[in-house]
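**Q** If you read the sequences in order, they're chains U and B. If you're matching positions, the first sequence starts at 522 in our numbering and goes up one per residue. If you're matching positions, the second sequence starts at 5 in our numbering and goes up one per residue. Dropping a structure here in structure tokens format, bear with me for questions.
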Amino acid sequence: MATAPYNYSYIFKYIIIGDMGVGKSCLLHQFTEKKFMADCPHTIGVEFGTRIIEVSGQKIKLQIWDTAGQERFRAVTRSYYRGAAGALMVYDITRRSTYNHLSSWLTDARNLTNPNTVIILIGNKADLEAQRDVTYEEAKQFAEENGLLFLEASAKTGENVEDAFLEAAKKIYQNIQDGSLDLNAAESGVQHKPSAPQGGRLTSEPQPQKEGCGC
Amino acid sequence: MAKTEQRNGLDVRESNMKELSDNGKSIKHELASEVNGNAINEETSVDRYGFTGGAQQYSAETVEDLPIEVLRQREAKWLEMLNSWDKWMAKKHKKLKERCQKGIPPSLRGRAWLYLTGGKVKREQNKGKFQELDDQPGDPKWVDIIERDLHRQFPFHEMFAARGGHGQQDLFRVLKAYTLHRPDEGYCQAQAPIAAVLLMHLPAEDAFWVLVQICEKYLPGYYSKGLEAIQLDGEILHALLKKVSPVAYRHLENQKVGPILYMTEWFMCAFSRTLPWASVLRVWDMFLCEGVKILFRVGLVL
């Protein structure tokens, strides 16, 4: 497993949504592995990745659910929206159709998450400037109208990928600080962990199995 | 399977297996490696299944090797079965099943799959049908999606590595033909790896009919809109797990991990993107003989 010890104080749940082929899995891969995966296999169902980041000196573990983009998979991916603290809604700046479908993704995101879920719009493939089909300005405007964070990024070069995940985390953290996000709400998508002194998730051995790790 | 090294996928000494490609390169890697007994080239990085890298690439420790005599014997038995197939299916199915469980000899695997699934019968009942579908342009909606997926199927396999190469072309033909054959269902992304595995063993027309059989007979409804069948099977797997391995079941429950999370890809791709390649082929040998229950069994073991 990763090197990071389990000494984070929050867990944020994220989902990544958007049309097929916009680069959702590549964004996740770039974020967790810092590598670009060309010919990335398309996602069947749901995949999962994690990484620990730091916001305002707090270590936060991001649990990221990466969903299949093809329309018919929505039947199974919808159940993963629930309890997400952040949603990355991705389109491809070189394919207008993926931008046009955003409203339908947004509807899903709004209906299936809670009102405090932070949604960030990401225009991926920003490295392909020559093939651009959606301008920065119009996407920016769409984001503002709908109260979304917005960034253009490139999973290929890594540009803004880090920021996309961080911006959303900052916003969520801010919501926690100013009290607008209730940590105790069942579906806040955030779990608070008092920084474990000796960093043990599966430490409590004594009880054999039942409800062991409280994670 | 015989302990041999792959040369480079180019030399072929057996003609038992259906030949797929016309450039002599793509499909034959398997028999080339397994049938002739001399271990040679360490330099070539193509493994015995045609992979040049990636998660699927063969690593020596994972495969048990079969003495060449045993392999030969099995090939002979399989040839005999294939030659009087109807009789075997009708009267000696149990024996046939056992032989599938032992693994179909690589040189005959493609043919055996074609026979087992009834793809051969379908092909014969529908002479010229594939050609006809192949000649049609296809619904642009599906064509667009399929094209987007072509380079994403087993990019580490020599057959599918080249953009626009034979493997990808055939993959396109097979998947497009399916959307024309079943316009109500169209194309589901999970069909692409299935079709790709078939194309590694069969020419396009045969692969198409086996795909049809898998989608209609083996896994009906798996790829349809709404994906209800897979969700249902997810629940069944989950319930079976509770019975078979209560500890694993409880752990998953505690972690709030539902079946859809882990089994969707397993089942929809028949483990082709999950297991080491040698295991994939063995699972498929049994799956195509016995049906979806094999997927459940494998799923439970994992």
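Positions of the beta carbon are idealized from the N, C-alpha and C atoms, including for glycine. Small disclaimer: the values here were computed from a predicted structure and weren't measured.
Per DSSP, which one or two residues make a beta bridge with L670 of chain U?
**A** Position 149 of the first sequence, counting from 1, holds the residue named residue 670 of chain U. DSSP, once it has assigned bridges, lists U:I641 as partnering L670 of chain U.
**Q** Cutting at 6 Å between CB atoms, please list the residues of its own chain near K7 of chain B, excluding the five before and the five after it.
**A** Along the second sequence, read from residue 1 onward, the residue named residue 7 of chain B stands at position 3. Unreliable positioning characterises K7 of chain B in this predicted model, as indicated by a pLDDT of 39, which lies under 50. The coordinate reading is nonetheless provided below. Within the same chain, K7 of chain B has close Cβ partners D69.
**Q** Closest Cβ-Cβ distance between M93 of chain B and chain U: below 7 Å?
**A** As a position in the second sequence, residue 93 of chain B is number 89, starting the count at 1. With 7 Å as the cut-off, M93 of chain B does not count as an interface residue toward chain U.
**Q** Assuming D174 of chain B and A208 of chain B form a contact by the criterion Cβ under 8 Å, report the distance between their Cβ atoms to the nearest whole angstrom.
**A** In the second sequence, counting from the first residue as 1, residue 174 of chain B sits at position 170. In the second sequence, counting from the first residue as 1, residue 208 of chain B sits at position 204. About 4 Å separates the two Cβ atoms, so the contact holds.
**Q** Starting from the beta carbon of H622 of chain U, find every residue of chain B whose beta carbon is closer than 8 Å, and list them in chain order.
**A** Here residue 622 of chain U refers to the residue found at position 101 when the first sequence is read from its first residue. Chain B residues near H622 of chain U: none, gap ~13 Å exceeds 8 Å.
**Q** Chain U partners of G230 of chain B, CB-CB under 8 Å?
**A** Within the second sequence, residue 230 of chain B is the residue found at index 226, counting from 1. Correct list: R593, A596.
**Q** Step through the CB atoms of chain U and report whether any lies within less than 7 Å of the CB of T268 of chain B.
**A** The sequence position of residue 268 of chain B within the second sequence is 264, counting from 1. Yes, its Cβ sits closer than 7 Å to a Cβ of chain U.
**Q** Report the three-state DSSP secondary structure of D587 of chain U (helix, strand or coil).
**A** Walking along the first sequence from the start, residue 587 of chain U turns up at place 66. Of the three classes helix, strand and coil, the one that applies to D587 of chain U here is strand, per DSSP.
**Q** Under a CB-based cut-off of 7 Å, is H563 of chain U close to chain B?
**A** To locate residue 563 of chain U, count along the first sequence from 1; it is residue 42. It does: the Cβ of H563 of chain U has a partner Cβ on chain B nearer than 7 Å.
**Q** In chain U, what lies closer than 9 Å to I218 of chain B by C-beta?
**A** One-based indexing of the second sequence puts residue 218 of chain B at position 214. Ordered by position in chain U, no residue passes the 9 Å Cβ test against I218 of chain B, which lies about 15 Å from the chain.
**Q** Between U:A674, U:L649, U:Y531, which lies nearest to G578 of chain U when the distance is taken from Cα to Cα?
**A** Here residue 578 of chain U refers to the residue found at position 57 when the first sequence is read from its first residue. Among U:A674, U:L649, U:Y531, the Cα nearest to that of G578 of chain U is on U:Y531.
**Q** Which residues mark the beginning and the end of the alpha helix (DSSP H) in which F569 of chain U is found?
**A** Within the first sequence, the letter at position 48 stands for residue 569 of chain U. Not the alpha helix (DSSP H): F569 of chain U falls in the beta strand (DSSP E), residues 567-576.
**Q** Hey, G171 of chain B and F160 of chain B: beta-carbon distance below 7 Å or not?
**A** Against the second sequence, residue 171 of chain B aligns to sequence position 167. Against the second sequence, residue 160 of chain B aligns to sequence position 156. Cβ atoms of G171 of chain B and F160 of chain B: not closer than 7 Å.
**Q** Contact criterion: CB-CB distance below 7 Å. Does V147 of chain B meet it with respect to chain U?
**A** Walking along the second sequence from the start, residue 147 of chain B turns up at place 143. So, not an interface residue.
**Q** Against chain U, does P159 of chain B count as a neighbour if the rule is that its beta carbon must be under 7 Å from one of theirs?
**A** As a position in the second sequence, residue 159 of chain B is number 155, starting the count at 1. At least one chain U Cβ lies under 7 Å of P159 of chain B.
**Q** Within 8 Å, do at least three Cβ pairs link the region 596-614 of chain U to the region 273-280 of chain B?
**A** They do not touch, by the three-pair rule.
**Q** Short of 6 Å in beta carbon distance, which residues of its chain neighbour T678 of chain U, apart from the five on each side in sequence? Order them along the chain.
**A** If you number the first sequence from 1, residue 678 of chain U lands on position 157. Contacts found: D648.
**Q** Kindly list, in the order they appear in chain B, the residues whose Cβ is closer than 8 Å to that of V567 of chain U.
**A** For the purposes of this step, residue 567 of chain U is taken as residue 46 along the first sequence, with counting starting at 1. Residues of chain B passing the Cβ test: I264, L265, T268.
**Q** Mind checking which residues open and close the beta strand (DSSP E) that includes K712 of chain U?
**A** Sequence index remark: in the first sequence, residue 712 of chain U carries index 191 (1-based). The displayed chain sequence assigns Gln, not Lys, to residue 712 of chain U. Here the beta strand (DSSP E) through Q712 of chain U covers 711-713.
**Q** Would you decide whether V543 of chain U is buried or exposed? Buried here means 16 or more other CB atoms lie within 10 Å of its CB.
**A** Within the first sequence, residue 543 of chain U is the residue found at index 22, counting from 1. That one is buried.
**Q** Specify, as a first and last residue, the run of the alpha helix (DSSP H) that F134 of chain B falls within.
**A** Here residue 134 of chain B refers to the residue found at position 130 of the second sequence. 133-139 is the span of the alpha helix (DSSP H), which, as asked, contains F134 of chain B.
**Q** Interface residues of chain U around M272 of chain B at Cβ under 9 Å?
**A** Within the second sequence, the letter at position 268 stands for residue 272 of chain B. Residues of chain U passing the Cβ test: I565, G566.
**Q** Could you tell me the alpha carbon to alpha carbon distance between T656 of chain U and S709 of chain U, rounded to whole angstroms?
**A** Against the first sequence, residue 656 of chain U aligns to sequence position 135. Against the first sequence, residue 709 of chain U aligns to sequence position 188. Cα to Cα, the separation comes out at about 33 Å.
**Q** Would a C-beta distance cut-off of 7 Å place W626 of chain U and I697 of chain U closer than the cut-off?
**A** Translated into the one-based positions of the first sequence, residue 626 of chain U becomes position 105. Translated into the one-based positions of the first sequence, residue 697 of chain U becomes position 176. Taking 7 Å as the Cβ cut-off, W626 of chain U and I697 of chain U do not qualify as a contacting pair.
**Q** Given a cut-off of 7 Å on the beta-carbon distance, is the pair W89 of chain B and Y119 of chain B in contact?
**A** Here the question's residue 89 of chain B lines up with position 85 in the second sequence. Here the question's residue 119 of chain B lines up with position 115 in the second sequence. Closer than 7 Å, so yes.
**Q** Leaving out the 5 sequence neighbours to the left and right, which residues in its chain are closer than 8 Å to E726 of chain U when beta-carbon positions are compared?
**A** Within the first sequence, residue 726 of chain U is the residue found at index 205, counting from 1. With a pLDDT of 37 at E726 of chain U, under the threshold of 50, the modelled position of that residue is not reliable, and the figure given next carries that caveat. Excluding sequence neighbours, E726 of chain U sits near nothing in its chain.
**Q** Any contact between the region 611-620 of chain U and the region 629-648 of chain U? By contact I mean 3 or more CB pairs, one from each, below 8 Å.
**A** With the cut-off at 8 Å, the region 611-620 of chain U and the region 629-648 of chain U touch.
**Q** Roughly how far, in whole angstroms, is the beta-carbon of Y1 of chain B from the beta-carbon of K260 of chain B, given that I think they are within contact range, below 8 Å?
**A** A query on residue 1 of chain B cannot be resolved here, the shown segment of chain B reaching from 5 to 306 and no further.
**Q** Could you name the residues that DSSP lists as bridge partners for Y529 of chain U?
**A** Looking up residue 529 of chain U in the first sequence gives position 8. DSSP lists no partner for Y529 of chain U.
**Q** Spatial neighbours of W213 of chain B within its chain, please: C-beta separation below 7 Å, excluding the five flanking residues on both sides.
**A** Against the second sequence, residue 213 of chain B aligns to sequence position 209. So the qualifying residues of the chain are G123, K126, R127.
**Q** Do Y620 of chain U and L583 of chain U have their C-beta atoms closer together than 7 Å?
**A** Here the question's residue 620 of chain U lines up with position 99 in the first sequence. Here the question's residue 583 of chain U lines up with position 62 in the first sequence. Going by C-beta atoms, Y620 of chain U is not nearer than 7 Å to L583 of chain U.
**Q** Can you tell me the Cα-Cα spacing of V576 of chain U and F552 of chain U, whole angstroms?
**A** Position 55 of the first sequence, counted from the start, is the residue given in the question as residue 576 of chain U. Position 31 of the first sequence, counted from the start, is the residue given in the question as residue 552 of chain U. Using only the alpha carbons, I get a separation of about 16 Å.
**Q** Check whether chain U comes within 7 Å of D143 of chain B, counting only Cβ atoms and requiring the distance to be less than that.
**A** Here residue 143 of chain B is taken as the residue at index 139 of the second sequence, counted from 1. Output row for D143 of chain B: interface = no.
**Q** For the region 142-158 of chain B and the region 226-245 of chain B, state whether three or more C-beta atom pairs, one from each stretch, are separated by less than 8 Å.
**A** With a cut-off of 8 Å, the region 226-245 of chain B and the region 142-158 of chain B do not count as touching, because too few Cβ pairs lie within range.
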